[in-house]
Amino acid sequence: MVAHWEPSFHVPAAVRELATRVRLALFDVDGVLTDGTIYLDDEGRETKGFHVHDGHGLKMLRHAGIEIGFISARKSGALKHRAAELGIDHVFTGQMDKLNVACQLTKKLRLDLSQCCFIGDDVVDIPLLLACGLAIAAANADDITKNVVHWITPRSGGNGAVRDVCELILFAQSKSDDIISEYFHRSRG
């Protein structure tokens, strides 16, 4: 059994403190949940690739009682399918004004933007990053976006950035040990 789990990456104390307040984690999609590559077939149908570790991190975050939402400027059937697989109800596509979407969602959930974490990777994400309680950029984000956030993930979008955010929040809220220990208990039958 794991006595105490900590992320393998450094988390500054100020970032851990902000993460203790998170009740809603919002994620951009292209460049965060994916590596940013857009695949189009001969008929113009779009497909996306999602990392399984990110998906499981999101499941652990939900299990810990954190609300999760996806906000994308692009419309995507693939995203809706992935969200359904993960049990995520808050999915907003075709949304350029991500701050407005977050304000409406926090109001619906009776939360404040200070209790919201958002991870983005491009300038379209800046208004929400500046307004939320914990602003995070994926490692592959553009430099302008990286300059307005509290923390930058060690891994890039589509390659573990989402998992980094999930682990940060679970660790900061002292929920990681309980969640990880459940896997060890399951292995004993």
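If you count by the numbering used here, then the sequence shown holds residues 1414 to 1602, one letter each, in order. In this text, a Cβ means the ideal position worked out from N, Cα and C, and glycines have one as well.
Subject >> Unbroken alpha helix (DSSP H) run spanning E1580, endpoints >> reply: 1574-1585
Subject >> Nonlocal neighbours in the same chain, by C-beta distance under 6 Å from F1422, ignoring five residues either side >> reply: P1567
Subject >> Those residues which DSSP pairs with I1565 across a bridge >> reply: A1550
Original post:
Given G1507, which residues of its chain have a CB within under 6 Å of its CB, disregarding the five upstream and five downstream residues?
Top reply: K1488
Original post:
Which residues mark the beginning and the end of the alpha helix (DSSP H) in which H1494 is found?
Top reply: 1490-1499
Original post:
Under a three-way DSSP split, which group does V1428 fall into?
Top reply: helix
Subject >> Whether L1522 touches I1484 by CB criterion (9 Å) >> reply: no
Subject >> Residue range of the unbroken beta strand (DSSP E) whose run includes C1545 >> reply: Segment: none, C1545 is in no beta strand (DSSP E) and carries neither H nor E.
Subject >> Identity of the residues DSSP links to L1439 by a beta bridge >> reply: G1482, F1531
Original post:
In or out: V1445 buried (at least 16 other Cβ within 10 Å) or exposed?
Top reply: buried
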